[in-house]
Structures are given as structure tokens and as C-alpha cells.
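The following block contains the structure:
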């Protein structure tokens, strides 16, 4: 839904500059994002299609990632239709028009978002917009913020949930997955 001209591009231009490359066009950015979403969708569907072989309960598969990976996970589920049981995004986002277009009802997969207190401006804005939208339409959504953090933060960083409860990034993630997928036989390695 989002027109290529409306995509946030500051981070891409910064990284391309570091690499000595000229700025990309918005069409190049949109095409690259779409290719990433398609790749994540194909990888997820491979796991679903081979779930029996890997002894995976395909009704309990979550998807997620950090930054562009989190963005790709959101689009894979809500725009491309992968049947994830939950979505995790650490400093990822969806564009505003896409949030309203693709996330339409309370039947959507539960979402857990982590956001640095001083994250990239557009990531912060769109993360909060997604949280607000989910609240309005009844999608199960959890948001945790990492105090004094930018776009990058370690997994053991302190997070503060919307209810004021504190934890760490990894523990909040595990708690969300156990709640969303069920704790019985949950195959999540405890991080140390």
C-alpha cells in the first residue's frame, strides 16, 4: 500500500554513504524491501511445509527479527499471509498506511515490539502507531522500551513494559512467547 516515495530512507542513505555509494532511488528501496519480505516469507513457508520432518508443531511457530528483520517479519505475516502464531520485532516497523491496510482485526497474530527510548525517529513513530492501532482494533500487542538506548541494544538490556514492569530484552521475549505459544513443551533455549 505504501507508495515508494513515502518510505523512510534516512538509514539506508546513511549506510550507503558509509559504503561510498550514492543514495538509492525510492524504487530501489521499495524493491529491496519487497525482496526481503518475499525471502522471509519463503523461509517461513519452508519450515511450515517441512514441519513434520523437523518435528515442529506448525500451529506454534513464531517469526521475528531485529530492525530490517523485524520489519520483514511484520510484512511476511500481515502483508504476505504467513501463518505465524506470534510476531516479534526489535526496532522493526511497518509503514503507517500499511498498518491500517494489513492489520484489520483482533484475529491477527499477537505482536511483541521492543523499542529503544532514543531509537530512530521513524522507527519510534511507527512502532508507537502500530501499538496504538493494535489497541484500537483488539490485536494482542506488547511493547517494551529500552531506557537510554538508541537503535542498538544488547539482549540483556533492561526493558520497561507498558505496565511499568521491568525485565530484560531476552526475558521479556521469552515471557511473550510462552504466553502467546503456550509454555508446555516450548522449545526456547534459555539465554545466559
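Residue numbers (the numbering used here): 21 to 212.
Here a beta-carbon is modelled for each residue, glycine too, at the ideal position from N, C-alpha and C.
Note that the coordinates shown come from a computational prediction; the quantities given were computed from them, not determined experimentally.
Residue closest to residue i, alpha-carbon to alpha-carbon, out of the options
| i | options | result |
| --- | --- | --- |
| residue 123 | 110, 95, 30 and 133 | 95 |
| residue 140 | 166, 170 and 118 | 170 |
| residue 25 | 106, 177, 45 and 172 | 45 |
| residue 109 | 121, 87 and 175 | 87 |
| residue 23 | 194, 49 and 65 | 49 |
| residue 127 | 143, 160 and 118 | 160 |
| residue 164 | 157, 183, 146 and 158 | 183 |
| residue 136 | 39, 120, 115 and 188 | 188 |
| residue 52 | 73, 85 and 89 | 89 |
| residue 102 | 76, 156, 69 and 195 | 69 |
| residue 194 | 134, 148 and 145 | 134 |
| residue 125 | 132, 146, 156 and 99 | 156 |
| residue 138 | 175, 198, 168 and 76 | 168 |
| residue 100 | 60, 154, 196 and 77 | 60 |
| residue 162 | 176, 76, 175 and 185 | 185 |
| residue 28 | 40, 47, 38 and 39 | 47 |
Opposing strand residues paired with residue i [DSSP bridges]
| i | result |
| --- | --- |
| residue 131 | 107 and 161 |
| residue 83 | 107 |
| residue 187 | 179 |
As assigned by DSSP and simplified to three states, the class of residue i
| i | result |
| --- | --- |
| residue 136 | strand |
| residue 166 | strand |
| residue 154 | helix |
| residue 36 | helix |
| residue 121 | helix |
| residue 205 | Here residue 205 scores only 44 on pLDDT, less than 50, and its place in the model should not be relied on; the value that follows carries that caveat. Three-state result, residue 205: coil. |
| residue 24 | helix |
| residue 76 | coil |
| residue 197 | helix |
| residue 70 | coil |
| residue 102 | coil |
Short Cβ contact (7 Å threshold) for residue i with residue j
| i | j | result |
| --- | --- | --- |
| residue 82 | residue 62 | no |
| residue 166 | residue 173 | yes |
| residue 92 | residue 64 | no |
| residue 71 | residue 97 | no |
| residue 113 | residue 143 | yes |
| residue 31 | residue 201 | no |
| residue 33 | residue 42 | no |
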